[in-house]
Amino acid sequence: MGQRKEFRITIPNEKGQIWRLCDALFQRKVNLKTVAGFAAHYGILAIITDKEDVTREVLKDLGLKFHEIELLTIKLSNMPGEIAYYAKKLYDADINIEALYMVGESTSEGEIAIAVSDLERALKVLGQ
6 MGQRKEFRIT IPNEKGQIWR LCDALFQRKV NLKTVAGFAA HYGILAIITD
56 KEDVTREVLK DLGLKFHEIE LLTIKLSNMP GEIAYYAKKL YDADINIEAL
106 YMVGESTSEG EIAIAVSDLE RALKVLGQ
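Every position in the sequence shown, counted from 1, becomes a number in this note's numbering once 5 is added.
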């Protein structure tokens, strides 16, 4: 188990904005581990990267509004029921899962990142 940060970014819903962000990250050699987003009048983009400090600098340099969310990461076997196992343990401890991302996968294992309502309790419940 480990921890990462999610950067939840408010981004203008205009053409080129995602390219602008991704190119700035690329120029600083930042790898996107996962990305999710949607847009209405403005966009919300959630990213997890391999270089959190550099990502933070890039977002500030671009003048984008963002906030950081602590995530718990879990390596698991790549087989049915693995996420359900961890979700049930959190449910039994009355801990809500607020976001869930796949951040790595191979034929034999995967890695998920989750935002929870109580990170410290989740670490204890899941054995950290």
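Ideal Cβ positions, reconstructed from N, Cα and C, are used throughout, including at glycine.
1. For A45, report the span of its alpha helix (DSSP H) as first-last.
2. Along the chain, where does the alpha helix (DSSP H) containing L124 start, and where does it finish?
3. Skipping 5 residues on each side, what residues in its chain have a beta carbon closer than 7 Å to that of V59?
4. Buried or exposed, going by whether 16 or more other CB atoms sit within 10 Å of the CB of E19?
5. Enumerate in chain order the residues of its own chain whose CB-to-CB distance from T112 is below 8 Å, with the five nearest sequence positions on each side excluded.
6. Rounded to whole angstroms, what is the Cα-Cα separation between G21 and R9?
7. For my contact list, L37 and L77 are in at a C-beta cut-off of 8 Å; report their separation, rounded to the angstrom.
8. Pick out whichever of F31, F12, E11 and K94 has its Cα sitting closest to the Cα of G132.
Taking the geometry as given:
1. Element bounds for A45: n/a, residue is neither H nor E.
2. First-last of the alpha helix (DSSP H) with L124: L124 to V130.
3. R33 and V35
4. exposed
5. N83
6. 27 Å
7. Not really, about 19 Å apart at Cβ, beyond 8 Å.
8. Checking every option, the nearest Cα to that of G132 belongs to K94.
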